[in-house]
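Taking the working numbering, the leading residue of the sequence shown gets 8, the next gets one more, and so forth.
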Amino acid sequence: MILKIKNQEKIEQLAEKHQAFSIHYKGSQYLITSSSVKEVPEELERIVEESWVFPNDMQLSSREFQKETREVKIGEVTIGGNTNHTLLIGGPCSVESLSQIRESAELISSMGLTTLRGGCYKPRTSPYSFQGLGLEGLKLLAQMREEYGLRVITEVRDATHVDEVIEHSDVVQIGAKAMYDQGILRACAKINKPVLLKRGFGSTLQEFVQAAEFILSGGNDQVILCERGIRTFETNTRFTLDLCGVAYLQEFTNLPIILDPSHALGYRYGIERLSKACVAMGVDGLLIEAHPNPAVAKSDASQQLSHEQFRNLKTAIEPVAESVGYKIV
Ligand code: PEP
Ligand code: MN
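Put into structure tokens, the structure is as follows:
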């Protein structure tokens with residue numbers, strides 16, 4: 008249950024007493040309890056201005072609590088709200104070297120885009136694969152931010168380096184395998200930066216949204232959901248992009264949604280067509296992996312686009328975005 012509490016009340020003390028979370032949001036203060044609470048506790052009646060009852064723990068993220076999609080600002084660009092922006096995010100799977108990430112930054116900037124993504128702590132399925140450059144990679148991304156005036160997104164693999172990633176990135180990405188990591192979720196709840204939360208490939212929509220609720224209820228209202236494919240019985244594609252799930256999230260949650268066809272399909276050949284399908288749904292962003300020389304990429308080589316393919320993709324999705332009233336930014 009969410010309770011909007013009169014502003015003159017001391018919300019933190021009330022939260023402790025009622026085993027609730029307290030947040031300040033858009034000039035008001037709220038208590039959030041488990042959704043099993045269905046009535047305003049008697050002793051709070053006098054100070055509650057408004058209350059919301061929920062069938063499950065999708066609460067702050069729910070359109071019942073807030074009808075409009077949340078606005079999230081990434082540098083000069085805002086997504087969500089009534090912006091009708093689809094943010095095209097590009098960059099390599101992994102930051103590999105200064106020259107490589109500079110070429111990527113050059114690409115993004117020359118296309119009039121604003122947001123560069125590259126992984127530095129890679130959550131690989133084998134310990135023998137390239138694990139990322141770590142802090143050195145974060146510094147290279149920060150250098151690209153300075154040199155090209157870009158915003159950078161990078162992912163946190165586990166809670167040991169969460170503070171480092173928070174310090175060096177403009178948007179913190181929580182990868183699919185880290186979606187349940189309580190240390191990461193709780194650390195990201197305390198920051199004042201957008202968080203791109205990827206759906207675990209074996210997670211239900213409710214588990215996905217509840218992971219977002221850890222961040223929202225901890226006080227960070229800037230959460231973006233990312234659908235990146237789920238595991239099904241199919242093995243010819245790497246994962247299965249759950250567009251039905253996207254329709255559900257658009258209908259029932261107030262969180263902006265970014266789609267990642269690169270990790271879903273796992274192969275270059277269909278990324279442009281899949282991207283058109285994603286954009287046609289009127290989404291808040293698209294995350295595409297591109298590498299200056301995909302053949303030698305140290306991770307996800309088969310799915311990364313060449314820079315020429317990435318440019319062509321933008322040209323191909325622009326009219327699709329326009330046809331549904333959106334603009335690629
Ligand atoms: C990535 O974004 O490069 C990545 C590892 O993705 P995911 O967490 O979706 O597997
Ligand atoms: Mn990748």
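For glycine and all other residues, C-beta sits at the position ideal for the given N, C-alpha and C. This structure is a prediction, so every number in the text was calculated from the model and none was measured.
Notebook entry, point to check: Nearest CA to the CA of residue 63: which residue from 130, 259, 193 and 318?
Noted result: Out of 130, 259, 193 and 318, the CA that lies nearest to the CA of residue 63 is found in 259.
ask   = Within 8 Å: the Cβ of residue 144 and any heavy atom of the ligand MN?
value = For residue 144, the shortest separation between its Cβ and any heavy atom of the ligand MN does not lie below 8 Å.
*Are the beta-carbon atoms belonging to residue 294 and residue 269 less than 9 Å from one another?*
Note that the C-beta distance between residue 294 and residue 269 is below 9 Å.
Subject >> Whether residue 234 touches residue 265 by CB criterion (9 Å) >> reply: Cβ atoms of residue 234 and residue 265: closer than 9 Å.
Minimum C-alpha distance to residue 130 - residue among 70, 228 and 166:
Of the candidates 70, 228 and 166, the one whose C-alpha sits nearest the C-alpha of residue 130 is 166.
Excluding the five sequence neighbours on either side, which residues of its own chain have a C-beta within less than 8 Å of the C-beta of residue 116, listed in chain order? Short of 8 Å from the beta carbon of residue 116, and not among the five residues preceding or following it, lie these beta carbons of its own chain, in chain order: 155, 156 and 157.
> Taking the alpha-carbon positions, what's the residue 192 to residue 118 distance?
Replying inline: C-alpha separation (whole angstroms): 33 Å.
- Message: Can you tell me whether residue 207 is buried or exposed? The criterion is at least 16 other CB atoms within 10 Å of its CB, across all chains shown.
- Response: Burial call: buried.
From residue 171 to residue 307, what distance separates their C-alpha atoms?
-> Cα atoms of residue 171 and residue 307: separation of roughly 24 Å, rounded to the nearest angstrom.
(Q) I want to know whether the region 41-55 touches the region 76-90 - three or more CB-CB distances under 8 Å. (A) Not touching, per the Cβ criterion.
* Same chain, Cβ closer than 6 Å to residue 279, five either side skipped, listed in chain order -> Hits under 6 Å: 320 and 323.
| said: With the cut-off set at 9 Å, would you say residue 150 and residue 105 are in Cβ contact? | reply: In contact: residue 150 and residue 105 (Cβ atoms closer than 9 Å).
Rounded C-alpha distance that separates residue 110 from residue 299:
Going by the C-alpha atoms only, they are around 7 Å apart.
Could you round the C-beta distance between residue 65 and residue 230 to whole angstroms and report it? I think they count as a contact, below 8 Å. Contact flag wrong, Cβ pair sits at about 12 Å.
| field | DSSP state of residue 10 mapped onto helix, strand, coil | value | Residue 10: strand per DSSP, three-state reduction.
As a quick exercise: from 59, 34, 51 and 28, pick the residue whose alpha carbon is nearest that of residue 8. Of the candidates 59, 34, 51 and 28, the one whose C-alpha sits nearest the C-alpha of residue 8 is 59.
- Task: Mind listing, in chain order, the continuous beta strand (DSSP E) runs of no fewer than 3 residues lying wholly within the region 22-54?
- Result: Within the region 22-54, the complete beta strand (DSSP E) runs of at least 3 residues are 28-32 and 35-39.
Limits of the unbroken alpha helix (DSSP H) element including residue 322
Run containing residue 322: 314-330, per the alpha helix (DSSP H) assignment.
query: Pairing CB atoms from the region 85-102 with CB atoms from the region 131-145, are three or more of them under 8 Å?
result: Touching, per the Cβ criterion.
Worksheet entry | Any non-hydrogen atom of the ligand PEP closer than 8 Å to residue 4 Cβ | Outside the shown range of the chain, which is 8 to 336, sits residue 4, and nothing can be said about it.
Supposed close pair residue 271, residue 248 - CB separation, criterion 8 Å:
Going by Cβ atoms, the distance from residue 271 to residue 248 rounds to 4 Å, so yes, they are a contact pair.
Does DSSP classify residue 284 as helix, strand or coil? DSSP, reduced to helix, strand and coil, places residue 284 within a helical segment of the structure shown.
| request: Inspect the beta-carbon positions of residue 290 and residue 255 and report whether they are closer than 9 Å. | output: With respect to residue 255, residue 290 sits apart: the two C-beta atoms are not nearer than 9 Å.
Checklist entry - What are the partner residues of residue 124, as DSSP defines its beta bridges? => result Residue 124 has 160 as its beta-bridge partners, per DSSP.
Alpha carbon to alpha carbon, what distance is there between residue 27 and residue 21? So the alpha carbons of these two residues sit roughly 8 Å apart.
Between the C-alpha atoms of residue 50 and residue 24, what's the straight-line distance to the nearest angstrom?
Annotation: residue 50 to residue 24 spans about 11 Å, alpha carbon to alpha carbon.
List, from N- to C-terminal side, the beta strand (DSSP E) runs of 3 residues or more that fit wholly inside the region 66-141. As far as the region 66-141 is concerned, its whole beta strand (DSSP E) runs of at least 3 residues are 79-81, 84-86, 92-98 and 122-124.
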